[in-house]
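Numbering (this note's numbering), first residue to last: 236 to 601.
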């Protein structure tokens, strides 16, 4: 293999693909990436056996070939070279690298030892609007669980049904759901995809173009996302996502409408004391205002009153303030709608700019 490539293109591609390399590899090859020069392009492949990526970049292919090299080492070298042309030449057990004022060699392994990385879409692959998908994911991904003892909750549930895609996440204490219509979605399916993979796709939003193609490989239990010059493959999390529909209230006794910025400030004030009290704050709904209070046996107490439009009966309910902060952090509208029934039932939080978005938070029992 002999390839001439721009340093800035190579460095950016290595930065992306290195995030899919295994950090606790039992096999040395899983700490590597695969460089494959063929048909006028350089393909960079990486996998941690849970997820993988194939990134294609333009290059001058002087000689076709492929080799596996340590991802961390080659990225550190390429990232610190001067901008301009870089020559990569493979040899039996590594690659030689030449750039202005630099020459080096990185040890490698035969490409035959590298795991197979999925990169071909089937005829059943379908197109989604990437901006809609990524914006929707960014609204709900924060509610996934980080507790690996319940793997199904560490992912986002994709529900395809009658031209609608719904995305659902939950950590057992809160739940987010967002839906959007797409006439091209003529399938009925439920799959759960790991948060870690979806986070990477959101992260590279600026490189993705306008379209994304999604494909499912049933036999391998994989989902493939193809966009621009990349294909990301992920395992599908096995198991059934909890029946979230049954906890969404069918009716609401009290609706509260508050200014988002005012609500954010009230939560920040309450957090000063709530941190010493298991993050608990109390929300009291009155006829035309809402009081946010918190107290600490060690630090003191506070109460913040804010104007609100209230429809229904008054009540008092307690929440973990961090859950409220995270919800408010993804809201785009000036006004937030809160739906309440009683102090033991989940609160329904909505962003008025996104009517298809719903967020549930379980109250804290005191």
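Note that beta-carbon positions come from the ideal geometry of N, C-alpha and C, so glycine has one too.
Practice problem: Evaluate contact between the stretch 463-478 and the stretch 296-313, counting only Cβ atoms and requiring at least three cross-stretch pairs below 8 Å. | Solution: Output reads no: the stretch 296-313 does not touch the stretch 463-478.
Self-check item: Complete runs of the beta strand (DSSP E) confined to the stretch 556-600 [at least 3 residues]
Solution: Fully enclosed beta strand (DSSP E) runs of 3 or longer: 570-575, 582-586 and 592-596.
Quiz item: Would you call the stretch 482-494 and the stretch 386-394 in contact, with 3 or more CB pairs under 8 Å?
Solution: Pairwise C-beta distances place the stretch 482-494 out of contact with the stretch 386-394, as fewer than three of them are shorter than 8 Å.
Exercise. Assuming residue 435 contacts residue 254 (C-beta within less than 8 Å), just tell me the rounded distance between them.
Key: Locating residue 435 in the chain shown gives position 200, counting from the first residue. Locating residue 254 in the chain shown gives position 19, counting from the first residue. So it is a contact: roughly 6 Å between Cβ atoms.
Quiz item: Taking the C-alpha atoms as reference points, what is the distance between residue 392 and residue 270?
Solution: As a first step, residue 392 is located in the chain shown; it is residue number 157 there, counting from the start. As a first step, residue 270 is located in the chain shown; it is residue number 35 there, counting from the start. Each residue's alpha carbon lies about 33 Å from the other.
Quiz prompt | residue 423 beta carbon less than 8 Å from that of residue 451 | solution = Mapped onto the chain shown, residue 451 falls at position 216. Mapped onto the chain shown, residue 423 falls at position 188. Against a cut-off of 8 Å, the Cβ pair of residue 423 and residue 451 comes out as no contact.
Quiz item: Comparing alpha-carbon positions, which option in 308, 266 and 332 lies nearest residue 239?
Solution: Reading the chain shown from its first residue, position 4 is the one you call residue 239. Here the closest residue by C-alpha is 332.
Quiz item: If you follow the alpha helix (DSSP H) that residue 370 is part of, which residue opens it and which one closes it?
Solution: Taking the chain shown and counting its residues from 1, the one referred to as residue 370 is at position 135. For residue 370, the enclosing alpha helix (DSSP H) covers residues 365-375.
Quiz item: Which residues mark the beginning and the end of the alpha helix (DSSP H) in which residue 219 is found?
Solution: The chain is shown only over 236 to 601; residue 219 falls outside these bounds and no answer can be derived.
Quiz item: Distance, Cα to Cα, residue 292 vs residue 311?
Solution: In the chain shown, the residue the question calls residue 292 occupies position 57. In the chain shown, the residue the question calls residue 311 occupies position 76. Each residue's alpha carbon lies about 19 Å from the other.
Quiz item: Would DSSP call residue 352 helix, strand or coil?
Solution: To locate residue 352, count along the chain shown from 1; it is residue 117. The DSSP-derived three-state label of residue 352 is coil.
Quiz item: What is the C-beta distance between residue 409 and residue 403, in whole angstroms, given that I count them as a contact (C-beta under 8 Å)?
Solution: In the chain shown, residue 409 corresponds to position 174, counting from 1. In the chain shown, residue 403 corresponds to position 168, counting from 1. By a beta-carbon distance limit of 8 Å, residue 409 does not contact residue 403. Their separation comes to about 12 Å.
Quiz item: Cα separation between residue 468 and residue 354?
Solution: Within the chain shown, residue 468 is the residue found at index 233, counting from 1. Within the chain shown, residue 354 is the residue found at index 119, counting from 1. Cα-Cα distance, rounded: 8 Å.
Practice problem: Return the chain-ordered list of same chain residues with a C-beta closer than 7 Å to the C-beta of residue 432, the five sequence neighbours on each side being excluded. | Solution: Locating residue 432 in the chain shown gives position 197, counting from the first residue. Cβ neighbours of residue 432 within its own chain (closer than 7 Å, five residues either side excluded): 286, 467 and 469.
Quiz item: Going straight from the alpha carbon of residue 317 to that of residue 264, what length do you get?
Solution: Position 82 of the chain shown, counted from the first residue, corresponds to residue 317. Position 29 of the chain shown, counted from the first residue, corresponds to residue 264. Between the alpha carbons of residue 317 and residue 264 lies a gap of roughly 28 Å.
Quiz item: Excluding sequence positions up to five away, which residues of its chain have a Cβ less than 8 Å from the Cβ of residue 427?
Solution: For the purposes of this step, residue 427 is identified with residue 192 of the chain shown, where counting begins at 1. Apart from sequence neighbours up to five positions away, the residues of its chain that approach residue 427 with a beta-carbon distance below 8 Å are 387, 390, 391, 392, 393, 471, 472, 474 and 476, ordered along the chain.
Exercise. With residue 395 as the anchor, note down where its beta strand (DSSP E) starts and where it stops.
Key: Translated into the one-based positions of the chain shown, residue 395 becomes position 160. It spans 390-396 - the beta strand (DSSP E) in which residue 395 sits, taken as one unbroken run.
Quiz item: Between residue 524 and residue 544, what straight-line distance do the alpha-carbon atoms span, to the nearest angstrom?
Solution: By one-based count along the chain shown, residue 524 stands at place 289. By one-based count along the chain shown, residue 544 stands at place 309. When rounded, the distance between both Cα atoms is 7 Å.
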